[in-house]
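K.L.:
Attaching a single structure in structure tokens format; questions to follow.
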Amino acid sequence: MGSLKDLGEFGFIARALEMAGRPPREVIRAIGDDCAVLDLGGPEQVLVTTDAVVEGRHFRLDWMSPFEVGQRATAGALSDIAAMGGRPLACLATFAIPPATDTTVALELLRGVAQTGARYAAPLIGGDTVSGQEALMLDLVVVGRARTPWLRSGARPGDVLLLTGCLGGAAAALEILMKQPAALRWPQCAGLLQRMVDPTPRLAEAAVLAQTPDVHAAIDISDGLLQDAGHMARASGVRLEIRLPQIPAAPLPSLPADTSPNLPAWYAATSGEEYELLLAVTPEAAGELSAMLERAGLAPTTIIGSVLPGEGVTLLEEDGRTVTVEQGGWDHFRSTHR
Ligand code: ADP
Ligand code: MG
Numbered sequence: 179m180g181s182l183k184d185l186g187e188f189g190f191i192a193r194a195l196e197m198a199g200r201p202p203r204e205v206i207r208a209i210g211d212d213c214a215v216l217d218l219g220g221p222e223q224v225l226v227t228t229d230a231v232v233e234g235r236h237f238r239l240d241w242m243s244p245f246e247v248g249q250r251a252t253a254g255a256l257s258d259i260a261a262m263g264g265r266p267l268a269c270l271a272t273f274a275i276p277p278a279t280d281t282t283v284a285l286e287l288l289r290g291v292a293q294t295g296a297r298y299a300a301p302l303i304g305g306d307t308v309s310g311q312e313a314l315m316l317d318l319v320v321v322g323r324a325r326t327p328w329l330r331s332g333a334r335p336g337d338v339l340l341l342t343g344c345l346g347g348a349a350a351a352l353e354i355l356m357k358q359p360a361a362l363r364w365p366q367c368a369g370l371l372q373r374m375v376d377p378t379p380r381l382a383e384a385a386v387l388a389q390t391p392d393v394h395a396a397i398d399i400s401d402g403l404l405q406d407a408g409h410m411a412r413a414s415g416v417r418l419e420i421r422l423p424q425i426p427a428a429p430l431p432s433l434p435a436d437t438s439p440n441l442p443a444w445y446a447a448t449s450g451e452e453y454e455l456l457l458a459v460t461p462e463a464a465g466e467l468s469a470m471l472e473r474a475g476l477a478p479t480t481i482i483g484s485v486l487p488g489e490g491v492t493l494l495e496e497d498g499r500t501v502t503v504e505q506g507g508w509d510h511f512r513s514t515h516r
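Position one of the sequence shown corresponds to residue 179 (this note's numbering), numbered consecutively onward.
Okay, here's the thing in structure tokens:
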């Protein structure tokens, strides 16, 4: 039957969808969006999401403190609530910890989760604790709510694509860590370090934008802009055209040549774990939506493209030429960018 590398992460998820069968009537959205959506009859719909991180794959304790690992994992899970235009309600955390782990490490992980949950109004209300083998694993379930959740499937031809913040910081931080782990703590890397260890789930931005009817679809950038845009295009049955020069790239620090990240020109388009939001919005409203966020002192937004009839994602260069990017984003089982 081959290995999981052949099936791929998304092939596996497609099989989960087949095997899951038809969900009950109360389930508005099951597998395939940033959160599952349940309508339990109240004025708001219920959002549920789960996100796991594994030592050696998502984090290394020689790169980040255990507190930062817990903080980052919790922020990453909360980002999926933001991607639905929702507000978090609570979180549950499962820890698989090798028994020989230093108690301080385990307690700091826990503190990172509890404190970040509390900071974003998602207090820790449960979880599970088990002994792990060699690697630490942490899974966060977050429950939230939204009056009208933003789905990946709502993008319409004519919409424009709005992106919060900038991209590429996570890819740059990772490159620096691989070359010279200590360098990420140098002062000129403060911005990148902050994004890496304390990413901001765009919940405040979602709360402001969700007051308008103008966000038709949304997704958070966890696998890389190109790949996540592909998810939105597929779910919505549209083509997304992204203008490469418009993608705001995270500023790169000035570092010695042997430490400086050596990134391809399109790194911002494929950098994962960015936790920014890609939104398909009413074209006439885009300016006002950006202004609303600016007035509230929240993340800047940039129009990076548009929604067209068709399928897939097209990347355009300044002169209108189409760029072919072979590697689109992260696939867990292929352990590679696709
Ligand atoms: P995200 O990056 O937003 O967390 P993923 O790419 O991890 O989303 O997952 C895509 C969709 O597939 C989500 O709706 C998620 O709930 C679903 N999914 C992923 N893994 C599984 C699984 N093992 N069983 C059922 N659904 C899954
Ligand atoms: Mg997501």
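Cβ coordinates follow ideal geometry from the N, Cα and C atoms, glycine included.
#1: Looking only at its own chain, which residues have a Cβ that is under 7 Å from the Cβ of Tyr445, when we skip the five neighbours before and after it?
#2: May I ask you to list the residues that DSSP assigns as paired with Pro277?
#3: Exposed or buried, what is Gln372 when buried is set at 16 or more other beta-carbons lying within 10 Å of its beta-carbon?
#4: Suppose you measure from the CA of Glu353 to the CA of Arg323; what does that come to, to the nearest Å?
#5: Going along the chain, which unbroken runs of the alpha helix (DSSP H) with 4 or more residues stay wholly within the segment 235-284?
#6: Using the C-alpha atoms, what's the distance from Asp184 back to Thr272?
#7: Is it a yes or a no for the segment 242-255 touching the segment 308-326, going by three-plus beta-carbon pairs under 8 Å?
#8: From Gly498 to Met262, what does the alpha carbon distance come to, in whole angstroms?
#9: Is Asp398 near the ligand MG, going by C-beta to nearest heavy atom under 7 Å?
#10: What did DSSP end up calling Glu419 once you bin it into helix, strand or coil?
#11: Confirm, please, whether the CB-CB distance from Pro478 to Gly343 is below 8 Å.
#12: Scan the segment 299-369 and note each continuous beta strand (DSSP E) run of 3 residues or more that stays entirely inside, going in chain order.
#13: With Gly295 and Leu287 assumed to form a contact (beta carbons below 8 Å), what rounded beta-carbon distance in angstroms separates them?
#14: For Leu218, name the three-state secondary structure that DSSP assigns.
#15: Any idea what DSSP makes of Leu456, helix, strand or coil?
#16: Is Gly189 helix, strand or coil when you go by DSSP?
#17: Report the rounded CA-to-CA distance for Thr514 versus Gly219, giving the unit in angstroms.
#18: Mind checking whether the beta-carbon of Asp317 lies closer than 7 Å to any heavy atom of the ligand MG?
#19: To the nearest angstrom, report how far apart Ala194 and Ser438 are at their CA atoms.
#20: When you measure from the CB of Ala261 to every non-hydrogen atom of the ligand MG, does any distance come out below 7 Å?
#21: Report yes if the C-beta distance between Ala300 and Ala268 is below 8 Å; otherwise report no.
#22: For Ile209, which beta-bridge partners are listed by DSSP?
#23: Any heavy atom of the ligand ADP inside 7 Å of the beta-carbon of Ile482?
#24: Hey, quick one: how far does the alpha helix (DSSP H) through Asp406 stretch, first residue to last?
P.N.:
Here's the rundown:
#1: For Tyr445, the CB contacts under 7 Å within the same chain, skipping 5 residues up- and downstream, are Gly346, Ala349 in chain order.
#2: Answer is none; Pro277 lacks a bridge partner.
#3: Exposed: under 16 other Cβ atoms inside 10 Å.
#4: Taking the straight line from one Cα to the other gives about 36 Å.
#5: You should have 244-260.
#6: Roughly 29 Å separates the two Cα atoms.
#7: Contact holds: three or more Cβ-Cβ distances are below 8 Å.
#8: Their backbone Cα atoms lie some 32 Å apart in a straight line.
#9: At least one heavy atom of the ligand MG is nearer than 7 Å to the Cβ of Asp398, so yes.
#10: Under the three-state reduction of DSSP output, Glu419 falls in the strand class.
#11: Gly343 is a Cβ neighbour of Pro478, given a cutoff of 8 Å.
#12: Segments of the beta strand (DSSP E) lying fully in the segment 299-369: 302-309, 315-324, 338-342.
#13: Not quite, the Cβ-Cβ distance comes to about 13 Å (not below 8 Å), so this is no contact.
#14: Here Leu218 carries a coil assignment [DSSP, helix/strand/coil].
#15: In the structure shown, Leu456 falls within a strand segment according to DSSP collapsed to helix, strand and coil.
#16: Gly189 falls in the helix class under three-state DSSP.
#17: Low local confidence applies: a pLDDT of 49 at Thr514 is under 50, so the model's placement there is unreliable, with the coordinate-based value given in what follows. Distance between Thr514 and Gly219, taken at the CA atoms: about 42 Å.
#18: No, the beta carbon of Asp317 sits no closer than 7 Å to any heavy atom of the ligand MG.
#19: CA-CA distance, Ala194 to Ser438, rounds to 41 Å.
#20: Yes.
#21: Yes, Cβ-Cβ distance for Ala300 and Ala268 is below 8 Å.
#22: Bridge partners of Ile209 according to DSSP: Asp211.
#23: Incorrect: Ile482 has no Cβ contact closer than 7 Å to the ligand ADP.
#24: Its alpha helix (DSSP H) spans residues 403-414.
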